[in-house]
Amino acid sequence: MKIAQIAPLIESVPPRLYGGTERVVSHLTEELVRLGHNVTLFASGDSITSAELVPCCPRALRLDPSVRDVIPHCMLMIDKVSERAEDFDVLHFHIDVLHFPLFRSSPVRTLTTVHGRLDLADLRPFYHRFAEMPLISISNDQRKPLPHANFVATVPHGIPLNLHRPSFEQGSYLAFLGRIAPEKRPDRAIRIARAAGIPLKIAAKVDKVDEDYFRTEIFPLLNGPGIEFIGEINEREKTKFLGDAAALLFPIDWPEPFGLVMIEAMACGTPVLAFRCGSVPEIIEDGVTGKVVNSEEEAIAALPEILLYDRRVVRQRFEERFSAVRMAKEYVSAYRNLLKTTTRTEEVQAIWRNQVNPNVGNGSTAHIA
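Under the numbering used here, the residues of the sequence shown are numbered 469 to 837, in order.
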């Protein structure tokens, strides 16, 4: 198949440091190429890929100090995709909803993976207006706020099996990895670690929008023993950071659509202590790859048990459930189902047009309007 992958421009593909969506797009693109598909990646010019790269801005917008407004750059990318749309069997978007108005005339070749939360009130009228657009969810929980949207499949994220080397020795600290943000609740992680008497290492970036939260709410909690703030780390550093940890703390307080860091920890053999929000119960097998809790008190009480989990089993379950190969094959199945729908729709429309107007030649097809 000829497949276009359309990535966000905020980070490169793959991202140099933090960047969940762009990392998933990279893993998917590389696996699709390995499966023999003809893949074109629309992304920032500093992206690295074995697919054909169509640079849509010189470098990741987050790293370009001259960029003040990302929307014009994103719209230019959508225009580039539109110019080449007929070159592809499937247009696979990862940029939320910006492309919907332009591509609603051909939804049967357009697929959109929704990477963000869907419980925001502003989104409901938009998805209602564009109800025909086929969507992929990354967890079943993510769908709940929009039960009538056109979800055609759920495809959980996956990462390459050789990306992280597992460690089967019990770690010496607890880990927090991701963003410093209110919904990620690093304050919970700090309190849990201190109450349990186990050191905590925090590897996280601070976005501009969260700088005040970090300064007023989190920075004061870093004073004192047992807490080490490392900052943002890259993929190579992530393997050691997670592999040397006794457990990953994932104390979120929002409807997390997936939570890539959970499977990254599992890839390292590291069990996960997570709060029952969003996709967490779909990803963590309670008592096997981690523990799902409802409060800080439950988390503190669960830690001694989690530290005894078999890290080889954690890694094994990761390999069985969350590989990039599995993810790519599930997307290919979704693409094929989309193309079957396209063929059936065009055949029905051709028959209808011939019945209404016998002068229309046999074999004619029509696009969805």
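Here a beta-carbon is modelled for each residue, glycine too, at the ideal position from N, C-alpha and C.
All values reported here derive from a predicted model rather than from experimental measurement.
Report buried or exposed for Gly755, applying the criterion of at least 16 other Cβ atoms within 10 angstroms of its Cβ. Under this definition Gly755 is an exposed residue.
Whole alpha helix (DSSP H) elements within the segment 591-670, 4-residue minimum: Unbroken alpha helix (DSSP H) runs of no fewer than 4 residues, entirely contained in the segment 591-670, are found at 591-597 and 654-664, following chain order.
Less than 8 Å between the CB atoms is what I'm expecting for Ala511 and Leu496, so what's the real figure, rounded? Contact flag wrong, Cβ pair sits at about 12 Å.
Taking contact to mean at least 3 C-beta pairs separated by less than 8 Å, is the segment 733-750 in contact with the segment 616-634? The segment 733-750 vs the segment 616-634: in contact.
Taking Val793 as the reference, which of Ser573, Phe709, Ile660 and Val501 has the closest Cα? If we check each option's Cα against that of Val793, Val501 comes out closest.
Using the rule of at least 16 other Cβ atoms within 10 Å of the residue's Cβ for burial, across every protein chain shown, is Val677 buried or exposed? The residue is exposed, with fewer than 16 neighbouring Cβ atoms inside 10 Å.
Considering only the beta carbon of each residue, do Phe561 and Ile648 sit closer than 7 Å? No, the Cβ-Cβ distance between Phe561 and Ile648 is not below 7 Å.
Local Cβ density within 10 Å of Phe644, reported as buried at 16 or more and exposed below that: Classification of Phe644: buried, given that the 10 Å Cβ count is 16 or more.
Would Met601 be called buried (16 or more neighbouring beta carbons within 10 Å of its own) or exposed? Under this definition Met601 is a buried residue.
Would you mind reading off the limits of the beta strand (DSSP E) that contains Phe697? Element bounds for Phe697: Ile695 to Phe697.
Endpoints, the beta strand (DSSP E) within which Pro523 is located: Pro523 -> beta strand (DSSP E) spans Glu520 to Pro523.
Are the CB atoms of Glu696 and Lys652 within a distance shorter than 7 Å? No. Outside cutoff.
Option in Ala553, Pro540 and Gly487 with minimal Cα separation from Leu509: Checked all of Ala553, Pro540 and Gly487; the closest Cα to Leu509 is Ala553.
In three-state terms, what does DSSP make of Val816? Residue confidence for Val816 is low, a pLDDT of 39 falling below 50, so the modelled location carries little weight; the figure read from the coordinates is stated next. The answer is helix: DSSP assigns Val816 an H, G or I state.
Rounded to the nearest angstrom, how far is the Cβ of Leu559 from that of Leu586, given a contact under 8 Å? For a cut-off of 8 Å, the C-beta gap from Leu559 to Leu586 is around 21 Å, too long to register as a contact.
Are the beta-carbon atoms belonging to Val729 and Gly665 less than 7 Å from one another? For Val729 and Gly665, no; Cβs fall outside 7 Å.
Could you round the C-beta distance between Phe619 and Gly737 to whole angstroms and report it? I think they count as a contact, below 8 Å. Incorrect: roughly 33 Å between the Cβ atoms, too far for contact.
Determine the extent of the alpha helix (DSSP H) in which Thr489 is found, giving its start and end residues. Per DSSP, the unbroken alpha helix (DSSP H) holding Thr489 starts and ends at Gly488 to Arg502.
Please report the residue range of the alpha helix (DSSP H) in which Ile701 lies. First-last for Ile701: undefined, no H or E at that position.
For Lys708 and Arg785, the rounded distance between their alpha carbons: Taking C-alpha positions only, Arg785 is separated from Lys708 by approximately 20 Å.
Between which two residues does the beta strand (DSSP E) containing Leu716 stretch? Residues Ala713 to Phe718.
Out of curiosity, what's the CA-to-CA distance linking Leu529 and Ala769? Cα to Cα, Leu529 sits roughly 43 Å from Ala769.
Which residue wins for smallest C-alpha separation from Ser763, given the options Leu776, Ala715, Ala657 and Tyr777? Closest by alpha carbon: Ala657.
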